[in-house]
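Each residue of the sequence shown is one higher than the one before, starting from 1 at the first, in my numbering. This report refers to the structure that appears directly beneath it.
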Amino acid sequence: MPFESPKRILVTGGAGYIGSHMVLRLAESGYSVTIVDNCFRGHVGAVEALRKAAPNATISFEQLSVHETDRLAHIMRENRIDAVIHFAALAYVGESVERPLDYWWTNLGGTLSLLKAMNSAKVGRLIFSSTCATYGVPTAGANSIDESCPQNPINPYGAAKLAAEHAIADHQNSILRSGGDFAFAALRYFNVIGSDPQGRIGEDHRPESHLVPSCMLAVLGRRDPLCIMGDDYPTNDGTCVRDYVDVGDLCAAHLAALKALTARESLRLNVGTGRGHSVLEVLQACEKVCQRAVPAVRGARRDGDPPMLVANAAQIQRLLRWSPAVRTLDESIGNAWKWLSANPNGYG
Ligand SMILES: NC(=O)c1ccc[n+]([C@@H]2O[C@H](COP(=O)([O-])OP(=O)(O)OC[C@H]3O[C@@H](n4cnc5c(N)ncnc54)[C@H](O)[C@@H]3O)[C@@H](O)[C@H]2O)c1
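Here it is as structure tokens:
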């Protein structure tokens, strides 16, 4: 039996970069949204910007940690939540190596707490932000990664996300065995870039380590020159190649997953474009969009960076009929620049 279509969505991490874009997309698509975010890395300013962008939508905001299981369950019951989209996490690979317990605590522990709250409030649909970092280093010669590739993460960030995927699947099994319903989608994002095309919300990570905003902050003189970490990889120009998916396309993939979650569904899907771009190509695209040179220096390789991470996105295209609408780096980067150039201090 399929679930009724969901109407009321709880978004954890909705004050962060991707979460806020998802909230806006949901609000503009007629859903009512409850944001749960402790604002450790997110911004109250993002919630204010969302309310300004969608003044007629129902967007409520609860500032708390996903570790607060009882309060979470109460919020789910009170708002009659139909489905949860779980973005809340710590998301820096390097930091996860330095502070593994924080990563296990938030990315696995936070997800367990959320599952308990969903169980208690009888919420049976979950979309989980997973990552290509769960795959670790692809097998030599693999040009693209599909969902059947071995998942051997090489850092605590990827390991905790993979463990959370397993915990969600185990939880589903137990519910289905007892005759209940539970459906989930674990979406394994590749590198997310871009912003709202209307420039109403944007990307403001603190610290910022993502390539596109880092290039722009360097252009604006708000950070040191960008360090290109390694230019002797076995790629066309020697720099690492990644798959950059536009945040608007990523939100569309979540909406498609939400609609596809029948009562017993379990989806594990890559979200990427299937196209790779090198660090130098991204930097040049930023220079074209910003019409200024990106101050940059060449440095040594960073430990654990595979030369190439590109998604095989055939599965999501087949199952959800999703494919990226944004076809060029320039378009995504142009959207990002629209917000960042107008908000050089981010959310302040
Ligand atoms: N940005 C990318 O390229 C990318 C790639 C793959 C996967 N992801 C995943 O997507 C999700 C969102 O990433 P993002 O780039 O928007 O990061 P972000 O840091 O902007 O957003 C994460 C949000 O979670 C919140 N949060 C952290 N701990 C919390 C807690 N205990 N309770 C409640 N809220 C908490 C933060 O305050 C922040 O607002 C993460 O799960 C990340 O692992 C991101």
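All C-beta atoms, glycine included, are put in the ideal place defined by N, C-alpha and C. Note that the coordinates shown come from a computational prediction; the quantities given were computed from them, not determined experimentally.
For a cut-off of 8 Å, the C-beta gap from residue 58 to residue 84 is around 16 Å, too long to register as a contact.
According to the DSSP assignment, residue 137 belongs to no beta strand (DSSP E), since it is labelled neither H nor E.
Closer than 8 Å to some heavy atom of ligand 1: that does not describe the Cβ of residue 240. In the displayed model, residue 186 falls within a strand according to three-state DSSP.
With fewer than three CB-CB distances shorter than 8 Å, the stretch 329-347 does not count as touching the stretch 160-178.
Nearest in C-alpha terms to residue 278, of all of 299, 308, 263, is 308. Counting C-beta atoms within 10 angstroms of its own C-beta, residue 101 has fewer than 16 neighbours from the protein chains shown and is therefore classed as exposed. Three or more pairs of CB atoms, one per stretch, sit closer than 8 Å, so the stretch 263-270 contacts the stretch 183-198.
Out of 10, 8, 20, the CA that lies nearest to the CA of residue 194 is found in 20. Collapsing the DSSP output to three states places residue 262 in coil. Taking a contact to require three or more Cβ pairs closer than 8 Å, the stretch 125-138 and the stretch 149-165 qualify as touching.
Separation of residue 341 and residue 15 (C-alpha to C-alpha, rounded to the nearest whole angstrom) is 20 Å.
Here residue 270 carries a strand assignment [DSSP, helix/strand/coil]. About 6 Å separates the beta carbons of residue 247 and residue 18, which is inside the 8 Å limit, making them a contact pair. Assignment of residue 246 by DSSP, reduced to helix, strand and coil, places it in the strand class. With fewer than 16 other Cβ atoms from the protein chains shown falling within 10 Å of its own Cβ, residue 297 counts as exposed. For residue 305, the distance from the CB to the nearest heavy atom of ligand 1 is not below 8 Å.
Taking one beta carbon from each stretch, the stretch 211-221 and the stretch 170-180 have fewer than 3 pairs nearer than 8 Å; the two do not touch. Closest in C-alpha terms to residue 156, from the list 108, 113, 251, 53, comes 108.
Put simply, the stretch 65-74 does not touch the stretch 20-29. Fewer than three CB pairs are less than 8 Å apart.
For residue 5, no beta strand (DSSP E) encloses it, and the DSSP letter there is neither H nor E. The residue from 335, 144, 263 with its alpha-carbon nearest to that of residue 179 is 263. With respect to the 9 Å criterion, residue 343 and residue 204 are classified as neighbours on the basis of their beta carbons.
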